[in-house]
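Enquirer: Next up is a structure, given as structure tokens.
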Amino acid sequence: MANLIVYYSRKGQNYWNGSIVDLAKGNTERVAEFIQKAVGGDLFEIETVREYSKDYMTCTEEAKAELRENARPELKKYLDSIDQYDTIFVGYPNWWGTMPMCVYTFLEHYDLTGKKIVPFCTNEGSGMGGSERELKKICKGAEIASGLSIHGAEASKSEGKAAAWAKKNV
12 MANLIVYYSR KGQNYWNGSI VDLAKGNTER VAEFIQKAVG GDLFEIETVR EYSKDYMTCT
72 EEAKAELREN ARPELKKYLD SIDQYDTIFV GYPNWWGTMP MCVYTFLEHY DLTGKKIVPF
132 CTNEGSGMGG SERELKKICK GAEIASGLSI HGAEASKSEG KAAAWAKKNV
């Protein structure tokens with residue numbers, strides 16, 4: 012059985028150690044690639060049909076509105092099947108104390124019974140927030156492993172930490 016590393020990541024404007032910077036590659040995507048390098052598996056990026064604003068502050072307001080509405084943003088694509096995967100690493104930025112709502116959309120699309128869900132998130136100090144608790148609610152029948160929190164500004168230097176953690180979870 013194989014590993015799946017599924018993630019949502021924000022490129023472009025991001026909050027970074029107290030200021031806004033423009034990232035060519037999102038923090039969560041970097042960590043997802045480190046996990047794939049360490050344990051192998053397929054990478055899948057969650058992409059929304061309606062893109063979030065390129066302006067960071069506007070994006071945070073859009074994300075807050077989605078959370079308040081318990082929205083399920085439409086996704087561009089899904090995997091045909093996840094049957095071949097035992098372990099699913101799920102990566103996301105911590106937005107408003109949990110996962111972006113598009114991650115909920117992705118996870119709720121599948122029957123996750125018998126799967127091991129291994130969450131990781133990037134953030135600027137809020138850790139995993141309530142996302143592990145939320146995963147237990149929406150991933151019925153799945154085992155939820157303890158998550159890995161990576162400070163976003165340190166994502167590009169987190170390969171050792173991400174690899175060691177990932178290897179313990181497969």
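Under my numbering, read the sequence shown as residues 12 to 181, first letter to last. Just so it is clear, CB atoms sit at the ideal spot from N, CA and C, and this is done for glycine as well. Quantities reported herein were computed from a predicted structural model and do not represent experimental measurements.
Which residues in the same chain have their Cβ closer than 6 angstroms to the Cβ of Ala82, if we skip the five residues on either side of it in sequence?
Expert: Here residue 82 is taken as the residue at index 71 of the sequence shown, counted from 1. Closer than 6 angstroms at the Cβ level, and outside the excluded window around Ala82, lie Met112.
Enquirer: DSSP on Tyr19, reduced to helix/strand/coil?
Expert: By 1-based counting over the sequence shown, the position of residue 19 is 8. Of the three classes helix, strand and coil, the one that applies to Tyr19 here is coil, per DSSP.
Enquirer: Any idea if Val60 is buried or exposed, counting beta-carbon neighbours within 10 angstroms, 16 or more meaning buried?
Expert: Locating residue 60 in the sequence shown gives position 49, counting from the first residue. So Val60 ends up on the exposed side.
Enquirer: Any idea what DSSP makes of Thr59, helix, strand or coil?
Expert: Here the question's residue 59 lines up with position 48 in the sequence shown. Strand, per DSSP.
Enquirer: Looking only at C-alpha atoms, which of Gly23, Lys48, Leu90, Ala49 sits nearest to Met68?
Expert: To locate residue 68, count along the sequence shown from 1; it is residue 57. Considering only alpha carbons, the answer is Gly23.
Enquirer: Tell me whether the beta-carbon of Thr133 lies closer than 8 angstroms to the beta-carbon of Asn38.
Expert: To locate residue 133, count along the sequence shown from 1; it is residue 122. To locate residue 38, count along the sequence shown from 1; it is residue 27. A contact, by the Cβ cut-off of 8 angstroms.
Enquirer: When DSSP labels each residue in this structure, what does Leu34 get in the three-state scheme?
Expert: Position 23 of the sequence shown, counted from the start, is the residue given in the question as residue 34. Residue state, collapsed to three classes: strand.
Enquirer: For a minimum of 3 consecutive residues, which ranges assigned as the beta strand (DSSP E) are wholly contained in the region 91–141?
Expert: 96–104, 127–134, all fully within the region 91–141.
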